[in-house]
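Numbering (UniProt numbering), first residue to last: 1 to 156.
I have placed the structure first, in the form of structure tokens, so that the comments after it can refer back to it.
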Amino acid sequence: QVKVSSSVLKAAAHHYGAQCDKPNKEFMLCRWEEKDPRRCLEEGKLVNQCALEFFRQIKRHCAEPFTEYWTCIDYSGLQLFRRCRKQQAQFDECVLDKLGWVRPDLGDLSKVTKVKTDRPLPENPYHSRARPEPNPEVEGDLKPARHGSRLFFWTM
1 QVKVSSSVLK AAAHHYGAQC DKPNKEFMLC RWEEKDPRRC LEEGKLVNQC ALEFFRQIKR
61 HCAEPFTEYW TCIDYSGLQL FRRCRKQQAQ FDECVLDKLG WVRPDLGDLS KVTKVKTDRP
121 LPENPYHSRA RPEPNPEVEG DLKPARHGSR LFFWTM
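Structure below.
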């Protein structure tokens with residue numbers, strides 16, 4: 001598992017989302033379709049592996065600017081980005097120069113995308129029960145109830 005604090009995750013979120021987009025979406029698709037986490041263990045391992053490799057590359061190439069950035073976020077009262085734009089720019093510049101990663105634009109990672117996967121379709125994707133038989137047609141005329149409606153409040 002990836003054992004980092006929320007400030008580290010928040011500082012790395014944009015680049016992590018861009019670099020590990022495919023395994024994350026594969027995992028979420030599996031969880032949505034299968035409704036059983038045990039069937040998605042392989043996809044979960046790939047997500048974990050991608051996250052570990054991502055943080056290893058950050059540590060290897062841009063440890064100092066990244067540490068300054070997440071520390072600034074950690075010490076800014078509500079973990080706000082706006083107080084750490086200088087450190088963010090240094091981190092983004094380092095990542096671009098040494099790893100070639102461009103920070104995604106705001107909203108790029110939240111766009112709806114289709115996920116191509118090699119997994120077979122689940123047998124019952126909605127986990128629904130078999131539909132019951134429809135009610136039989138009523139024969140003859142229906143007469144009003146002898147003692148009025150059960151909703152007596154509305155009949156007064």
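Built from N, CA and C at the ideal position, the CB exists for glycine as well.
For clarity, every value in this text was computed on a predicted model and none was experimentally measured.
- If you draw a 10 Å sphere on the C-beta of residue 132, you find fewer than 16 other C-beta atoms in it, and that means exposed.
- Linking residue 92 to residue 28 through their CA atoms gives a straight-line distance of about 27 Å.
- Under the three-state reduction of DSSP output, residue 108 falls in the coil class, being neither helix nor strand.
- In the structure shown, the three-state DSSP call for residue 140 is coil.
- As summarised for the segment 34-78, the continuous alpha helix (DSSP H) elements at least 4 residues long and confined to that stretch are 41-75, given in chain order.
- Restricting attention to 34, 147 and 76, the CA atom closest to the CA of residue 122 is found in 34.
- The alpha-carbon of residue 61 is positioned some 10 Å away from that of residue 55.
- When the five nearest sequence neighbours on each side are left out, the beta carbons in the same chain lying within less than 6 Å of the beta carbon of residue 72 are those of 84 and 87, in order along the chain.
- Burial of residue 65 is indicated by the presence of at least 16 other C-beta atoms within 10 angstroms of its C-beta.
- In the DSSP assignment, residue 85 falls within the unbroken alpha helix (DSSP H) covering 85-99.
- CA-to-CA, the gap between residue 52 and residue 43 works out to about 14 Å.
- DSSP places residue 81 outside both helix and strand once states are collapsed to three, so it counts as coil.
- For residue 18, the enclosing alpha helix (DSSP H) starts and ends at 6-19.
- As the crow flies, the alpha-carbon of residue 134 is around 22 Å from that of residue 124.
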